[in-house]
Structures are given as C-alpha cells and as structure tokens.
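Everything on this sheet refers to the single structure shown next.
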Amino acid sequence: MQVFGIVGWKNAGKTELVVKLVEHFTANGLTVSTVKHAHHAFDVDVPGKDSFRHREAGASEVIVASENRYALMHDHRGASEPELDVLLGKLDPVPLVLVEGFKRQGHPKLEVIRGDGPDAPIALTDDSVIAVATDKKRDGITVPQFDINDVAAIAQFITEATGLSQQQTSS
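Count the sequence shown with the working numbering and you get residues 695 to 865, in order.
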C-alpha cells in the first residue's frame, strides 16, 4: 500500500481535492482507500441508536453491518489517539491510500493552499510536503506547484511519487 497525504490549513479545500482525486483514480481503475483526521468532537454515532447504546454500556468496539457496508467504532476509553500506522493497519490492502490531515506525520504530502490566510504554508517548514496545490503561484515555495483545479496533473504527480504509474501501466 502506498500512502500519500493531502494537508493544509482549515478551509483550504483538502476534502474537495481528496474527493476529486478519488473520483479520478477510481475512474482510471485504481482502487483507493482514504483516512481522514477529524476534529475532537467528531462522532459517527448518535444518541438513541442501538450502536450508541452498546458503546455507552461499555463495549470498546462496535461493528454496525448491513448488506451494503459496515462501520467499526472503537472507543479510546482514555487511551491516546491512535497513530496513523495503526489506522492504516486496519485497512484492507489497496494500491493507494490518500490521507487527509495528519500533517505532523512523515509520509509524503501535498499541501492545499487557497487564498491568503494568516498561516504560513506548511511546505516552508515541513520536508514531507513534496508538492503544493494552490489557487495562485506562491513565492518562496521550492516544491512543485499545481493549479488546485488540475486534478489530472496532481494525480499524475501522486502516481509518480508513489511509484504507482508503472504498476498502473503494467496491469
């Protein structure tokens, strides 16, 4: 499994780009999974649902399954948030995993920069950011810069950076 990250500050357009990349890759026959880092208040379960009641009763893990999909909910119960490697280990093997967020991890990343926010580009201080997708050319950034809307070029960069381009053409 090749892992490639999409990072950026809040409201930069990370999710929008990840969705477009997943659509692009899957339309071209590449199986992709994703891992998204969420804020601390995030929850997929809601009061009143049976699965919520199971967790509230003390179950450390609950799987909700149907004929269409299943979801695993794991309560940390005071333990630390799991590292990215632990989460990746829970995925079935696929050629590519796109990781949204987890900007402090060491995997190769592309930073999404939109507008002129107050935060400095991550690419200026993080060597794991190997490219930028932006709405305008940024001075001082030495890694390749792509137009934020050029999904095909960004996808091509990711396949080359992960070594998947040769695998795609040979399969």
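Every residue gets a Cβ at the ideal spot worked out from N, C-alpha and C, and that includes glycine.
- In this structure, Leu-804 sits away from Gln-696, with a CB-CB distance that is not shorter than 8 Å.
- Apart from sequence neighbours up to five positions away, the residues of its chain that approach Ile-835 with a beta-carbon distance below 8 Å are Pro-815, Ala-817, Leu-818, Val-826, ordered along the chain.
- Between the region 806 to 813 and the region 737 to 757 there are fewer than three inter-stretch CB-CB distances shorter than 8 Å, so the stretches are not counted as touching.
- For Gln-839, there is no enclosing alpha helix (DSSP H); the enclosing beta strand (DSSP E) covers residues 839 to 841.
- Within a 10 Å sphere around the beta-carbon of Val-793 sit 16 or more other beta-carbons, which makes this residue buried.
- In the three-state reduction of the DSSP assignment, Ser-760 falls in the coil class.
- Counting only runs of 4+ residues, the alpha helix (DSSP H) found wholly inside the region 765 to 837 occupies 778 to 782, in chain order.
- Sorting Glu-854, Ala-721, Asp-813, His-733 by C-alpha distance to the C-alpha of Trp-703 places Asp-813 at the top.
- Phe-719 sits away from His-801, with the two beta carbons spaced by 8 Å or more.
- Gly-752 is not a Cβ neighbour of Ile-842, given a cutoff of 8 Å.
- In the DSSP annotation of this structure, the continuous segment of the alpha helix (DSSP H) that includes Phe-851 starts and ends at 845 to 856.
- The DSSP-derived three-state label of Lys-743 is coil.
- Non-local C-beta neighbours of Lys-730 in its own chain, meaning closer than 7 Å and more than five positions away in sequence, comprise Glu-794, Gly-795, ordered along the chain.
- Note on Arg-749: 16 or more other CB atoms within 10 angstroms of its CB, so buried under the neighbour-count rule.
- Nearest neighbour of Ile-757 by Cα position, chosen from Pro-838, Val-823, Val-738, His-733, turns out to be Val-738.
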